[in-house]
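Everything on this sheet refers to the single structure shown next.
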Amino acid sequence: MKILIVEDDATLREAVQDTLLLQDYNVIAAQSGEDAIVQLKRHEFDFIVSDVSMPGISGHELLNYVKEHFPHIPMLLVTAYASVDKAVDAMQNGAIDYLVKPFEPNQLIELIETHTCKAPVNHDEPVAVDTGSQHVLALARKVANTDSTILISGESGTGKEVLARYLHQYSSREQMPFVAINCAAIPENMLEATLFGHEKGSFTGAVASAPGKFEQANGGTILLDEISEMDLGLQAKLLRVLQEKEVERIGGRNIIKLDVRVLATTNRSLIDEVKAGRFREDLYYRLSVFPLQWQPLRQRKADIIPLAERLLKKHSRKMQKQNILLDESAKQVLLSHAWPGNVRELDNAIQRALILQSGSKITQTDLGLSGEHLIDFEPNRNLAIAGADKQCLDNESAFEEIETANISHEALGNKSEGIHVDLKQKEFEIILDALRIHNGRKNKAADHLGISSRTLRYKLAKMREMGMDVDSAIAAIR
Ligand SMILES: Nc1ncnc2c1ncn2[C@@H]1O[C@H](COP(=O)(O)OP(=O)(O)OP(=O)(O)O)[C@@H](O)[C@H]1O
Numbered sequence: 001m002k003i004l005i006v007e008d009d010a011t012l013r014e015a016v017q018d019t020l021l022l023q024d025y026n027v028i029a030a031q032s033g034e035d036a037i038v039q040l041k042r043h044e045f046d047f048i049v050s051d052v053s054m055p056g057i058s059g060h061e062l063l064n065y066v067k068e069h070f071p072h073i074p075m076l077l078v079t080a081y082a083s084v085d086k087a088v089d090a091m092q093n094g095a096i097d098y099l100v101k102p103f104e105p106n107q108l109i110e111l112i113e114t115h116t117c118k119a120p121v122n123h124d125e126p127v128a129v130d131t132g133s134q135h136v137l138a139l140a141r142k143v144a145n146t147d148s149t150i151l152i153s154g155e156s157g158t159g160k161e162v163l164a165r166y167l168h169q170y171s172s173r174e175q176m177p178f179v180a181i182n183c184a185a186i187p188e189n190m191l192e193a194t195l196f197g198h199e200k201g202s203f204t205g206a207v208a209s210a211p212g213k214f215e216q217a218n219g220g221t222i223l224l225d226e227i228s229e230m231d232l233g234l235q236a237k238l239l240r241v242l243q244e245k246e247v248e249r250i251g252g253r254n255i256i257k258l259d260v261r262v263l264a265t266t267n268r269s270l271i272d273e274v275k276a277g278r279f280r281e282d283l284y285y286r287l288s289v290f291p292l293q294w295q296p297l298r299q300r301k302a303d304i305i306p307l308a309e310r311l312l313k314k315h316s317r318k319m320q321k322q323n324i325l326l327d328e329s330a331k332q333v334l335l336s337h338a339w340p341g342n343v344r345e346l347d348n349a350i351q352r353a354l355i356l357q358s359g360s361k362i363t364q365t366d367l368g369l370s371g372e373h374l375i376d377f378e379p380n381r382n383l384a385i386a387g388a389d390k391q392c393l394d395n396e397s398a399f400e401e402i403e404t405a406n407i408s409h410e411a412l413g414n415k416s417e418g419i420h421v422d423l424k425q426k427e428f429e430i431i432l433d434a435l436r437i438h439n440g441r442k443n444k445a446a447d448h449l450g451i452s453s454r455t456l457r458y459k460l461a462k463m464r465e466m467g468m469d470v471d472s473a474i475a476a477i478r
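Residue numbers (full-length UniProt numbering): 1 to 478.
So, in structure tokens, the structure goes:
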């Protein structure tokens with residue numbers, strides 16, 4: 001796979017180039033937007049990673065050029081400022097995602113893997129040692145090569161997306177795109193345009209036309225992650241697209257024929273959502289033609305150690321550590337832990353342990369499952385969300401400001417270091433405090449913070465994406 005990197009800062013350009021070369025990507029680097037256009041005319045690229053602010057042609061201008069001349073190439077924008085506005089703009093203009101500097105090499109690699117039809121670098125099958133899990137994989141192999149719509153359910157972090165990718169890999173669509181979209185992590189007002197695409201000028205800020213995820217997945221597979229979070233209005237539109245097998249971009253006149261295999265995941269009981277009137281029954285039946293379900297990790301204990309060993313291998317390689325093993329005390333604690341955050345929590349625990357361990361073994365203490373390494377909630381600060389803090393959280397728009405780089409740090413009890421990571425960390429602590437006050441109940445915590453439950457879920461999903469150990473932290477509250 002060939003990737004074009006566009007970055008005017010030579011040091012960062014080389015660092016990104018090295019990161020991607022280490023992953024066996026074929027990389028060409030351009031030092032400006034102008035240079036990128038020359039390279040685009042010379043080579044066939046599969047993916048573009050571009051800085052936003054550069055002298056001359058900016059990342060946004062380059063994005064417009066790419067959308068016009070090379071609309072099939074996914075483009076990721078990188079910027080120094082944590083602003084949701086800019087993220088929304090960029091994504092409305094057709095960027096597939098948005099990365100804020102400074103970022104970890106793994107964040108970039110994961111985004112590239114998620115947004116390209118390329119299967120993960122590691123072609124390993126999902127770990128399934130427990131008989132229940134083996135049964136799920138056997139069923140998945142049987143239905144993979146049909147066009148059935150599949151609804152994958154399971155608690156958060158059980159491996160639903162892993163199973164969806166497996167279904168795609170085992171299907172005849174394997175060489176075609178696999179496009180995943182998390183319905184909970186995209187602001188409600190952007191979801192329709194993201195799914196179905198839009199034409200230039202169809203709404204404020206739509207400065208260029210962009211294909212939707214359905215179009216991008218044409219010939220391949222689309223994964224509608226956390227489908228239960230889609231609002232009823234959009235559910236009706238989705239149903240129509242699935243029935244008619246065609247899509248019309250927002251503001252567009254052309255009908256685009258679709259040949260897309262649809263997979264959906266949910267961590268809620270969709271049938272309960274139907275009963276509660278929050279999910280359309282007709283859409284439910286259309287999506288759940290073939291249901292598959294991962295059990296929570298605590299109910300498939302035979303998977304725990306093999307999964308831990310797989311994750312250990314994966315992360316050791318990334319951290320350039322060799323021959324690290326789990327000792328007996330670590331295995332015991334892994335087997336007795338309840339894993340409310342499922343495999344994702346296990347993944348986080350292994351990464352944390354690899355950072356903390358010394359020598360050739362990981363011990364029970366390195367795993368920190370009793371909470372000794374969890375994020376410091378600063379209990380003494382006791383954010384009863386009073387005074388200045390309360391003012392910041394009084395209403396949703398004020399809360400949204402926390403996402404921007406412009407918020408005054410003083411208002412949040414300034415620690416003065418960093419911008420984005422510090423701000424996110426602060427926001428995370430505020431959310432955790434609210435969750436602690438309400439014993440982990442998200443709806444109550446959202447009310448307390450003066451935001452909607454959806455915004456809270458969106459923020460938690462974003463934090464997970466940033467690598468924050470959200471599930472362990474929430475689990476520790478309960
Ligand atoms: N069977 C498995 N084999 C190997 N890795 C797994 C397996 N299941 C899950 N993982 C790893 O666990 C993490 C969480 O998996 P995944 O994102 O698929 O969960 P999910 O159920 O889709 O989560 P969510 O509901 O929060 O979206 C990923 O890092 C994934 O690679």
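Every residue gets a Cβ at the ideal spot worked out from N, C-alpha and C, and that includes glycine.
Starting from Met75, follow the beta strand (DSSP E) in both directions and report where the run begins and ends. Mapped onto the sequence shown, residue 75 falls at position 75. Note, Met75: beta strand (DSSP E), 75 to 79.
So who's on the other strand from Asn26, going by DSSP bridges? Counting from one through the sequence shown, the residue named residue 26 turns up at place 26. Among the bridge pairs identified by DSSP, Asn26 is matched with Lys2.
Can you give me the Cβ contacts of Ser32 inside the same chain, cut-off strictly under 8 Å, excluding the 5 residues immediately before and after it? Within the sequence shown, the letter at position 32 stands for residue 32. Cβ within range, chain order: Val6, Asp8, Met54, Pro55, Gly56, Ile57.
Is Gln175 helix, strand or coil when you go by DSSP? Here the question's residue 175 lines up with position 175 in the sequence shown. Residue state, collapsed to three classes: coil.
Run through DSSP, which three-state label would His69 get? Translated into the one-based positions of the sequence shown, residue 69 becomes position 69. Note: His69 maps to helix in three-state DSSP.
So is the beta-carbon of Arg253 under 8 Å away from any non-hydrogen atom of ligand 1? Here the question's residue 253 lines up with position 253 in the sequence shown. Not under cutoff, so the answer is no.
Taking 8 Å as the cut-off, is the C-beta of Asn443 nearer than that to any heavy atom in ligand 1? Mapped onto the sequence shown, residue 443 falls at position 443. In this structure, the C-beta of Asn443 stays at least 8 Å away from each heavy atom of ligand 1.
May I ask which residues mark the beginning and end of the alpha helix (DSSP H) holding Ile227? Working through the sequence shown from its first residue, we reach residue 227 at position 227. Where Ile227 is concerned, there is no enclosing alpha helix (DSSP H), given that its DSSP letter is neither H nor E.
Own chain partners of Leu412 with C-beta closer than 6 Å, once the 5 adjacent residues on each side are dropped: The residue you call residue 412 lines up with position 412 of the sequence shown. Per-residue confidence for Leu412 stands at a pLDDT of 37, beneath the threshold of 50, marking its modelled position as unreliable; no derived number is given.
Which partner residues does Leu326 have in the DSSP bridge list? Sequence index remark: in the sequence shown, residue 326 carries index 326 (1-based). Within the DSSP bridge table, the entry for Leu326 names Ile362 as partners.
Classify Asp347 as buried or exposed, calling it buried when 16 or more other Cβ atoms lie within 10 Å of its own Cβ. In the sequence shown, counting from the first residue as 1, residue 347 sits at position 347. Its Cβ being crowded by 16 or more others within 10 Å, Asp347 is buried.
Check His337 in the structure and name its three-state DSSP category. Numbered from 1 along the sequence shown, position 337 holds the residue referred to as residue 337. Coil at His337, not helix or strand.
Per DSSP, which one or two residues make a beta bridge with Ile152? Translated into the one-based positions of the sequence shown, residue 152 becomes position 152. DSSP lists Thr265, Leu292 as partners of Ile152.
For the stretch 216 to 229 and the stretch 170 to 185, state whether three or more C-beta atom pairs, one from each stretch, are separated by less than 8 Å. Yes: at least three Cβ pairs fall under 8 Å.
Straight-line gap, Arg317 to Ala353 (C-alpha atoms, nearest Å): Your numbering for residue 317 matches position 317 in the sequence shown. Your numbering for residue 353 matches position 353 in the sequence shown. CA-to-CA, the gap between Arg317 and Ala353 works out to about 14 Å.
Measuring straight from C-alpha to C-alpha, what distance separates Leu20 and Val27? Sequence index remark: in the sequence shown, residue 20 carries index 20 (1-based). Sequence index remark: in the sequence shown, residue 27 carries index 27 (1-based). Leu20 and Val27 have their alpha carbons spaced roughly 7 Å apart.
Rounded to whole angstroms, how far is the Cβ of Leu108 from the Cβ of Pro126, which I believe are closer than 8 Å? Position 108 of the sequence shown holds residue 108. Position 126 of the sequence shown holds residue 126. With a beta-carbon spacing of about 24 Å, Leu108 and Pro126 fall beyond the 8 Å limit used to define contacts.
C-beta contact flag for Arg261 and Thr149 at 9 Å: Your numbering for residue 261 matches position 261 in the sequence shown. Your numbering for residue 149 matches position 149 in the sequence shown. In this structure, Thr149 lies closer than 9 Å to Arg261 by Cβ.
Quick one: does the C-beta of Ala128 sit closer than 8 Å to a heavy atom of ligand 1? For this step, residue 128 is matched to residue 128 along the sequence shown. At a threshold of 8 Å, Ala128 counts as near ligand 1, since its beta carbon sits closer than that to one of the ligand's heavy atoms.
For the beta strand (DSSP E) containing Tyr98, name the first residue and the last one. Residue 98 sits at position 98 when you count from the first residue of the sequence shown. Counting along the chain, the beta strand (DSSP E) containing Tyr98 begins and ends at 97 to 100.
Taking all protein chains shown into account, do 16 or more other C-beta atoms lie within 10 angstroms of the C-beta of Asp18, making it buried, or fewer, making it exposed? In the sequence shown, counting from the first residue as 1, residue 18 sits at position 18. Exposed is the call here.
Exposed or buried, what is Met319 when buried is set at 16 or more other beta-carbons lying within 10 Å of its beta-carbon? In the sequence shown, counting from the first residue as 1, residue 319 sits at position 319. Flag for Met319 reads exposed.
Residues of its chain near Asp376, where Cβ-Cβ distance is below 7 Å and the 5 sequence neighbours each way are ignored: Reading the sequence shown from its first residue, position 376 is the one you call residue 376. Low confidence applies to Asp376: its pLDDT is 41, below 50, so where it sits in the model is not reliable, and the reading given next is rough at best. Here the set comprises nothing.
Looking only at DSSP bridge pairs, what is Gly252 linked to? As a first step, residue 252 is located in the sequence shown; it is residue number 252 there, counting from the start. As computed with DSSP, Gly252 is found in no beta bridge at all.
List the whole-angstrom C-beta distance separating Val247 from Gly219, where the pair is believed to meet the contact cut-off of C-beta under 8 Å. For the purposes of this step, residue 247 is identified with residue 247 of the sequence shown, where counting begins at 1. For the purposes of this step, residue 219 is identified with residue 219 of the sequence shown, where counting begins at 1. Between Val247 and Gly219, the beta carbon gap of about 14 Å keeps them out of contact (Cβ cut-off 8 Å).
Terminal residues of the continuous beta strand (DSSP E) containing Val49? Residue 49 sits at position 49 when you count from the first residue of the sequence shown. Looking at the DSSP string, the run of the beta strand (DSSP E) that includes Val49 is 47 to 51.
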